[in-house]
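There are 2 protein chains.
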Amino acid sequence: MKKFVNDPANFVPEFMAGVLAANADLLEGNLEFQMIKRKTIDASKVAIVQGSGSGHEPAHVMAVGPGMLTAACQGPVFAAPPVDACYETIKAAATDAGVLVLVNNYQGDRMAWDMACEMAEAEGIKLKQFIINDDVAVQDSLYTVGRRGVAGNFFVMKAAGAAAEAGADLDAVYAVAEKVNANVRTMGVALTSCIPPQKGDVIFDIGDDEMEVGVGIHGEPGRERTKIKPADDITKLLYDAVQSDLPFSSGDRVALMVNGLGGTPPAELYVVYNKAAKLAAETGLTIARNYVGEYCTAIEMAGVSLTMLKLDAELEELLAAPAETACRIF
Amino acid sequence: MKKFVNDPANFVPEFMAGVLAANADLLEGNLEFQMIKRKTIDASKVAIVQGSGSGHEPAHVMAVGPGMLTAACQGPVFAAPPVDACYETIKAAATDAGVLVLVNNYQGDRMAWDMACEMAEAEGIKLKQFIINDDVAVQDSLYTVGRRGVAGNFFVMKAAGAAAEAGADLDAVYAVAEKVNANVRTMGVALTSCIPPQKGDVIFDIGDDEMEVGVGIHGEPGRERTKIKPADDITKLLYDAVQSDLPFSSGDRVALMVNGLGGTPPAELYVVYNKAAKLAAETGLTIARNYVGEYCTAIEMAGVSLTMLKLDAELEELLAAPAETACRIF
C-alpha cells in the first residue's frame, strides 16, 4: 500500500489533527467525534454543517471556516459518520438563527443525519436539512436511491455559506442551497481505482486500458466501462452528459469546475479544462467563473469530474464572496 | 497509460492553453515558445522569469501573475526549455528596472538560461541570474553539479515577486532571492514512479514495498532505497535531514511546507504535516506560516517533500503579501 499512513485505524483523526495544527487560528476540533468547527461562531447567523465519509478531502472538514461551513464531521474513509458525531456537530454549530444541514445523497449519510436532526430538534435546535444530488451519471446507484451528491456540493457549500455570512435567515440560506442544487450537474470518470487505508486493497478492478465512465466517488459503477480514450473525447463524454441534463443553453452564464479525483496531476486537469472551455463556447455558454483543482476527491483515484453550475446575479455574487478555510482554492 | 492526454507531443501546449483559457483576464501566452506572461507588465518594476521542464505544475507557468513571476516558459515534460524560448521569455518580460532570472539548478536549465541571458544582455537588457538549490538529499546528482532546486523554489518566487511588486530594485530583489535560498532546505520521498506522456512508461522501477528517500523531482535517485515505513517515520527522516542541514534551531520562526508530488491526496499530506509540526515544536521552532498542497510536482508521482524556510521580519512580510496566479495556493 503506497500511502502515507501510520495505523490505518488512526488515518482520519491523524489527518484531521494535521488540519487543526495548520489552522489553529481558525479552527478547533473534537476528534472524539471526528469533528472540526470554526473557533468563532456568530450566534446571529445561520450555521451550516456537513459530514460524510472521509477520502473526499478537501470536503468536508477542510471547507470549514468563515464563508463556508460552520462545522463538519468525518466518518471513516468511504463510510458515513456515526449518528452521535452528526448530532454533536449540529450541537456545536447551532446558533439562534438555526442550522442548515447539507447532506450528500447517500443512504448511510441520510440515515445518520436524519436521526441526528431528530435528536437535535427534540432539544429545541432549529434546523433544516437539504439533500445534494448533482451526479447525472446514474439514476439510482450502489449506495443511493436517486442521484449521488458529488463535486457540485462545493458550490452548495460556497453559495449557502456566503449567504449565511451575509446574514440571510434560515429559509433564505436553504433557498440558496436549493437554487444551486437545481442548477448544478456533475459527471466523473475514473482511470484507476483507489486504496482505502483500512482495506489495504483496491475497491474495484479495472484493466490497464479501461476507464469507468460516470464513476461514483467511492468507486461505484457508472454508466459504462470502456477503453481509455484521448482526453478530448473523455471531456466531450462528460460535457455532453452534464450539458444536456439541465440543459445548459446558449446565453447561459456558468461556473465550470474540473475536479481532480486525487491522483491526477494539475497539468492533466488543465488539458481537460482546455477542451471543456471550447465545448462550452460551442454551446454558447459564458464561463463566468472556473475552478480547476481538487475539490472532491476519491483518495488517490486517477480521474476527473466535470461540474457546471448555471449562474444568476445572486449566485455570481455569492461565489465571489470571500471565504477562509483550510483549503485555499476559492 | 492512465492519463488525460491527447497526442502526447501536444501535452504541454494543451495544458498551457487550458491555463490561459482559465485566466484570460490575467495572462497571455505565446505557445510557439511555450511561454506565458502577465497581461499587464509595469515597466517601472523588476521583472522575474523562470522556466524549466514541464511536469512540476503549478511550477512554473501557473506561478505567473502579480506578486509572483512576470513570465515563464515550459520545456517538454522533464526537459529544459530551448534557448530561444528562454530568450523570448526574458524579452517579453523585460522592464526598465531589469529582469531577475530564477533558475533551478539542473545542467540543462542552466545551459539554456546562460545562453539566453547572454543573448538578452547583448541586446542591452539589464538582468541578473540566480540559481536555486534547496534539495539537501544529495550533493551532486544525475542532472546536477551541486544540489538540485526543488520545492523551495516556491518561496524564492513568492518572496522575490513580492519585493519586485513593492518596487525594490534589481539588486534588492536579487538579495531577497539569495536570502531565501540561503535559508531554505527541502527533501522528498517517492513511493511510486510516474509516467511522462511521451515516454509512456515509468521512469524508474520500484518495488511494491519500497520507497526512494531523497528522490529528485524527475525521479533521480536520492539517498537510499528502503522498505516503506509508517508516515511518522518517513516524516522524521525528511524532517531530520532538512532541520540538521541549515540547521534550524530553537527559537527560529519558519515556514513549513508539505508538498505533494502529484499522486498523493490531501489527507495524506496532512498526516505528514501533523507529524512535521510536532517535530518542529520539539526542536523549538515556531511555524509562522504553513503550506500543505501541491507546489512542485513530479507529474503523478506518489510522494511528498518537506521544505523549511527560516524567516525574518522581511521574509514574513514578503510571504504574506498578496499574489494572483493561475494556482490559488498562497
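So the protein lines, in turn, are chains A and B.
The numbers in the working numbering rise by one with no breaks, and the one at position 277 of the first sequence is 308.
The numbers in the working numbering rise by one with no breaks, and the one at position 43 of the second sequence is 74.
We put the CB at the ideal spot given by N, CA and C, even for glycine.
Simplified DSSP state of residue i, which is helix, strand or coil
i	result
Thr-266(B)	helix
Pro-39(A)	helix
Ala-111(A)	coil
Thr-328(B)	coil
Ser-224(B)	coil
Asn-54(A)	coil
Arg-179(A)	coil
Asp-283(A)	coil
Ala-102(A)	strand
Met-150(B)	helix
Phe-161(B)	strand
Asn-212(B)	helix
Lys-306(A)	helix
Thr-257(A)	strand
Leu-342(B)	coil
Close beta carbons around residue i, own chain, < 6 Å, minus the five adjacent residues each side
i	result
Val-204(B)	Val-77, Leu-131, Ala-191, Ala-194 and Ala-195
Glu-209(A)	none
Val-108(B)	Ser-85, Gly-86 and Pro-227
Leu-277(B)	Arg-216
Leu-368(A)	The structure shown does not extend to residue 368(A), since chain A spans only 32 to 361, so no value can be given for it.
Within chain A, the residues that residue i reaches when beta carbons sit closer than 9 Å
i	result
Ala-110(B)	Correct list: empty, because the minimum Cβ distance to chain A is about 14 Å.
Val-335(B)	Phe-35
Thr-328(B)	Pro-296, Pro-297 and Ala-298
Asn-305(B)	Glu-45, Phe-46, Met-47, Ala-48, Gly-49, Val-50, Leu-51, Ala-52 and Ala-53
Thr-345(B)	What sits at residue 345(B) in the sequence shown is Glu, not Thr. None at all; the shortest Cβ gap to chain A is about 22 Å.
Glu-119(B)	Per Cβ cutoff of 9 Å: no residues; Glu-119(B) is ~21 Å from chain A at best.
Chain B contact residues for residue i, given Cβ-Cβ distances below 7 Å
i	result
Leu-222(A)	Lys-33
Pro-227(A)	Those within 7 Å of Pro-227(A) in chain B number zero; the least Cβ separation is about 11 Å.
Gly-293(A)	Pro-296
Ile-265(A)	Phe-35
Ala-354(A)	Neighbours of Ala-354(A) on chain B: none; closest Cβ ~12 Å, over 7 Å.
Ala-308(A)	Ala-52
Chain-ordered chain B contacts of residue i [CB-CB under 9 Å]
i	result
Asn-321(A)	Ala-52, Ala-53 and Asn-54
Same chain only: Cβ atoms within 7 Å of residue i, ignoring 5 sequence neighbours per side
i	result
Ala-143(A)	Ala-111, Pro-112, Pro-113, Val-114 and Cys-117
Ala-262(B)	Val-302, Val-303 and Lys-306
Val-36(A)	Phe-42 and Pro-228
Phe-279(B)	Val-285, Thr-314, Leu-316, Met-339 and Lys-341
Cys-327(B)	His-87, Ala-90, Val-181, Ala-182, Asn-184, Phe-185, Ile-248 and Asn-290
Ala-147(B)	Val-114, Cys-117, Tyr-118 and Ile-121
Reference residue i; option with closest CA among the options
i	options	result
Glu-243(A)	Gln-229(A), Ala-90(A) and Ile-265(A)	Ile-265(A)
Ile-248(B)	Ala-199(B), Gly-293(B) and Lys-267(B)	Gly-293(B)
Gly-250(A)	His-87(A), Phe-64(A) and Lys-33(A)	His-87(A)
Thr-317(B)	Glu-325(B), Arg-359(B), Val-323(B) and Ala-308(B)	Ala-308(B)
Lys-268(A)	Pro-252(A), Leu-337(A) and Ala-312(A)	Looking at the sequence itself, residue 268(A) is Leu, so the reference to Lys does not match. Selected option, being the one with the closest Cα: Leu-337(A).
Met-66(A)	Ala-103(A), Pro-89(A) and Ala-40(A)	Ala-103(A)
Lys-70(A)	Leu-62(A), Glu-154(A), Lys-260(A) and Asn-54(A)	Asn-54(A)
Asn-164(B)	Gly-155(B), Ile-259(B) and Phe-185(B)	Phe-185(B)
Val-246(B)	Gly-291(B), Val-207(B) and Ala-125(B)	Gly-291(B)
Gly-129(A)	Met-146(A), Ala-151(A) and Asn-136(A)	Ala-151(A)
Gln-138(B)	Ala-94(B), Asn-321(B), Ala-124(B) and Gly-180(B)	Gly-180(B)
Arg-254(A)	Pro-297(A), Asp-140(A), Arg-178(A) and Phe-64(A)	Arg-178(A)
Asp-283(A)	Lys-33(A), Thr-257(A), Lys-68(A) and Ala-319(A)	Ala-319(A)
Ala-352(A)	Gly-219(A), Ala-197(A) and Asn-212(A)	Ala-197(A)
Lys-34(B)	Val-220(A), Ile-162(A), Ala-90(A) and Thr-120(A)	Val-220(A)
Asp-239(B)	Tyr-174(A), Ala-123(A), Lys-122(A) and Asp-232(A)	Asp-232(A)
Ile-259(A)	Ala-125(A), Asp-166(A) and Gly-334(A)	Gly-334(A)
His-91(B)	Glu-241(B), Asn-212(B) and Leu-133(B)	Leu-133(B)
Lys-230(B)	Glu-59(B), Ile-330(B) and Glu-154(B)	Ile-330(B)
Ile-162(A)	Asp-145(A), Ile-156(A) and Asp-200(A)	Asp-145(A)
Thr-120(B)	Ala-298(B), Ser-281(B) and Glu-63(B)	Glu-63(B)
Met-47(A)	Val-50(B), Met-218(B), Pro-297(B) and Leu-346(B)	Pro-297(B)
Neighbour list for residue i in chain A, Cβ cutoff strictly below 8 Å
i	result
Val-302(B)	Phe-35, Val-36, Asn-37, Phe-42, Glu-45, Phe-46 and Gly-49
Ser-85(B)	Ala-298
Cross-chain neighbours of residue i in chain B, by beta carbon under 8 Å
i	result
Pro-89(A)	Pro-297
Met-93(A)	Pro-297
Where residue i meets chain A, residues with beta-carbon distance less than 7 Å
i	result
Ala-262(B)	Phe-35, Val-36 and Asn-37
Glu-348(B)	Correct list: empty, because the minimum Cβ distance to chain A is about 18 Å.
Glu-251(B)	Near Glu-251(B) there are no residues of chain A at all, since even the closest Cβ is about 18 Å away, more than 7 Å.
Cβ shell of residue i (< 8 Å), same chain only, five flanking positions each side left out
i	result
Ile-234(A)	Phe-109, Ser-224, Cys-225, Ile-226, Pro-227, His-249 and Gly-250
> Hey, is the region 221-241 of chain A in contact with the region 159-172 of chain A, meaning 3+ C-beta pairs nearer than 8 Å?
Replying inline: no
> Are at least three pairs of beta-carbons, each pair with one atom in the region 64-81 of chain B and one in the region 335-343 of chain B, less than 8 Å apart?
Replying inline: no
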